[in-house]
Amino acid sequence: MPASAARSGTNIWMSYNYKSSKFGVLHTAHTTESFFELNIYIPNMGVPDTFKAAVVPEPGAQHVVSDRKLSPLAAGEVAVKITATAINPVDWKIRDYKVFIKDYPAVLGSDAAGTIAAVGPEVSNFTVGDRVFFQGIIGNYDASTFQQYCKIPAALVAKTPSNITDDEAAGVSLATVAVMTAYYDTTGHGLAAPWDANGQQAGKGKAIVILGGSSSVGQYAIQLAKISGFERIVTNTSAKHIDHLKGLGADVVLDRATQNSAADFKTAVGDLPLAFVFDAISGKDTQLLGVQILDATKTEGSHVITVQGADAEAKELGQTQQTKVEVKQVLGLGSSPALRHLSEPLFKNLGGEDGYIAKGRFVPNRALVVPGGLGGLEDALAKNKKGVSGEKVVIRPFDA
Numbered sequence: 001m002p003a004s005a006a007r008s009g010t011n012i013w014m015s016y017n018y019k020s021s022k023f024g025v026l027h028t029a030h031t032t033e034s035f036f037e038l039n040i041y042i043p044n045m046g047v048p049d050t051f052k053a054a055v056v057p058e059p060g061a062q063h064v065v066s067d068r069k070l071s072p073l074a075a076g077e078v079a080v081k082i083t084a085t086a087i088n089p090v091d092w093k094i095r096d097y098k099v100f101i102k103d104y105p106a107v108l109g110s111d112a113a114g115t116i117a118a119v120g121p122e123v124s125n126f127t128v129g130d131r132v133f134f135q136g137i138i139g140n141y142d143a144s145t146f147q148q149y150c151k152i153p154a155a156l157v158a159k160t161p162s163n164i165t166d167d168e169a170a171g172v173s174l175a176t177v178a179v180m181t182a183y184y185d186t187t188g189h190g191l192a193a194p195w196d197a198n199g200q201q202a203g204k205g206k207a208i209v210i211l212g213g214s215s216s217v218g219q220y221a222i223q224l225a226k227i228s229g230f231e232r233i234v235t236n237t238s239a240k241h242i243d244h245l246k247g248l249g250a251d252v253v254l255d256r257a258t259q260n261s262a263a264d265f266k267t268a269v270g271d272l273p274l275a276f277v278f279d280a281i282s283g284k285d286t287q288l289l290g291v292q293i294l295d296a297t298k299t300e301g302s303h304v305i306t307v308q309g310a311d312a313e314a315k316e317l318g319q320t321q322q323t324k325v326e327v328k329q330v331l332g333l334g335s336s337p338a339l340r341h342l343s344e345p346l347f348k349n350l351g352g353e354d355g356y357i358a359k360g361r362f363v364p365n366r367a368l369v370v371p372g373g374l375g376g377l378e379d380a381l382a383k384n385k386k387g388v389s390g391e392k393v394v395i396r397p398f399d400a
């Protein structure tokens, strides 16, 4: 490897070699004139033996910060230094309802961004130092995000483009995978995905109704609907978020304080055929409203797609009203083998300098950073549980 060095105004050409060990790399350089030899030892940027994690020590307990170790990387995995992790309702629900917890102490968290700290065997598309974002794997403590380091399959990791921060990137994955499942998987509506042939015209000539447009999921639902080519995207929110949602691609944004009836949505949809209703809130009231909207627009045989459990009363109404429709829930677990055919290309198309985010076609939620790092996690969870609209709650695991 040639390099330049000053010596009496002349250039000196140097040869370069390195020897790797498990602790680091010994770099040796010497000149062709034997002028000098330079040895530099550069440690690997891997994962430390122990690091900090917020864990639930026992059933019913709140998070405490403790030391943790990461198991070795398997083929196809990368280790990530987590610089920002987002809070989702599923996080405090898992803690409170004790679901998806195999044993204690438990590590939760399912949405994050950071930098590649190490790469495992058979990984060629990432290098140490790459900025990335990803969805954690619920129930897999090594792949959960309320800690300073984790490991994750490289195929489920996206490169963070230069036009967004890690705080913004941290909140992209989980909510977007939920929308992906609702739109493109057969457990949802089964549209052609936008990265497939003609997928960006899948919604041509059709309308879609998205309930709860200012929620994290709702904002991404608007944008994927736009990328999928829907002609009219109708949503609702409070008045203060109307302009923001229009900027994301919504064609009609109803003020839910004054325009929240099925008749209002029917007027907004107009003469276009309504494909389906996506309920980003998924409470009983919104599911019932979704069923009523499909009835008002005479959208026979369609469905209200929810991201939480389908309400029994809403399901019954869908089968007893004049227009028969279904209410069904989707589970956006991107690591599930049944969804990898969608989640892997989704991350490839979201990330990088040529992806949807870099091109301005997909805008992350606005981040609301709660101070205190892992020690502030319970405050962040409480804020999310209370309800946040238009923003994504985020903590930074390395902050004090």
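First residue of the sequence shown: 1, per the UniProt record's numbering; consecutive thereafter. All residues carry an ideal CB built from backbone N, CA and C; glycine is no exception.
Residue i beta carbon near the ligand FMN (any heavy atom closer than 7 Å)
i, result
"T145", "The model depicted lacks the ligand FMN and carries no ligand whatsoever."
Residue i (DSSP reduced to helix, strand or coil)
i, result
"S66", "strand"
"E378", "helix"
"K226", "helix"
"N236", "strand"
"H303", "strand"
"D279", "strand"
"G109", "coil"
"P121", "coil"
"D399", "coil"
"T85", "strand"
"I42", "Summary for I42: the model assigns pLDDT 39, below 50, so the residue's position carries little reliability, and this model does not support an answer."
"V393", "strand"
"G205", "coil"
"T50", "coil"
"R366", "strand"
"P345", "helix"
"T31", "Caution applies to T31, whose pLDDT of 45 falls short of 50 and renders its modelled position unreliable; the value that the coordinates give is listed next. Strand."
"V330", "coil"
"A169", "helix"
Cβ separation of residue i and residue j, assumed to be a contact under 8 Å, to the nearest whole Å
i, j, result
"A169", "A113", "4 Å"
"A207", "L274", "5 Å"
"P345", "G373", "Rounded, the Cβ-Cβ distance is 34 Å, inconsistent with contact."
"F51", "Y141", "Wrong, their Cβ atoms sit about 13 Å apart, outside the cutoff."
"T323", "D295", "4 Å"
"L73", "G120", "3 Å"
Buried versus exposed call for residue i [16 or more other C-beta atoms within 10 Å across all chains shown]
i, result
"Q201", "exposed"
"T320", "exposed"
"Q62", "exposed"
"T186", "exposed"
"V99", "exposed"
"S302", "buried"
"G205", "exposed"
"T297", "buried"
"Y183", "buried"
"E77", "buried"
"Q219", "buried"
"T258", "exposed"
"G188", "buried"
Limits of the alpha helix (DSSP H) - the one that residue i falls within
i, result
"I164", "No alpha helix (DSSP H) holds I164; DSSP gives it neither H nor E."
"V317", "Reading off the sequence shown, one finds Leu at residue 317, where the question assumed Val. 312-320 is the span of the alpha helix (DSSP H), which, as asked, contains L317."
"I94", "89-97"
"K289", "Here residue 289 turns out to be Leu, not Lys, going by the sequence shown. Counting along the chain, the alpha helix (DSSP H) containing L289 begins and ends at 284-296."
"L73", "That residue, L73, is in no alpha helix (DSSP H); it is neither H nor E in DSSP."
"V269", "262-269"
Residue span of the beta strand (DSSP E) that contains residue i, given as start and end
i, result
"F133", "131-134"
"D255", "252-255"
Next item on the list: Tell me, please, whether the segment 209-221 touches the segment 230-237 by the rule of three or more beta-carbon pairs shorter than 8 Å.
Entry: Touching, per the Cβ criterion.
Check: Taking contact to mean at least 3 C-beta pairs separated by less than 8 Å, is the segment 167-182 in contact with the segment 56-73?
Finding: No, the segment 167-182 does not touch the segment 56-73.
Check: Using 8 Å as the Cβ pair cut-off and three pairs as the minimum, do the segment 263-281 and the segment 299-316 touch?
Finding: Output reads yes: the segment 299-316 touches the segment 263-281.
Check: Do the segment 336-345 and the segment 366-380 meet, that is, are 3 or more Cβ pairs less than 8 Å apart?
Finding: Result no; under three Cβ-Cβ pairs closer than 8 Å.
Notebook entry, point to check: How do the segment 192-200 and the segment 121-140 stand: do at least 3 beta-carbon pairs fall below 8 Å, yes or no?
Noted result: Using a Cβ-Cβ distance cut-off of 8 Å, the segment 192-200 and the segment 121-140 are not in contact, since fewer than three pairs of beta carbons, one from each stretch, lie closer than that value.
Next item on the list: Please confirm if the segment 347-366 is in contact with the segment 153-161, defined as three or more CB-CB distances below 8 Å between the two stretches.
Entry: They touch, by the three-pair rule.
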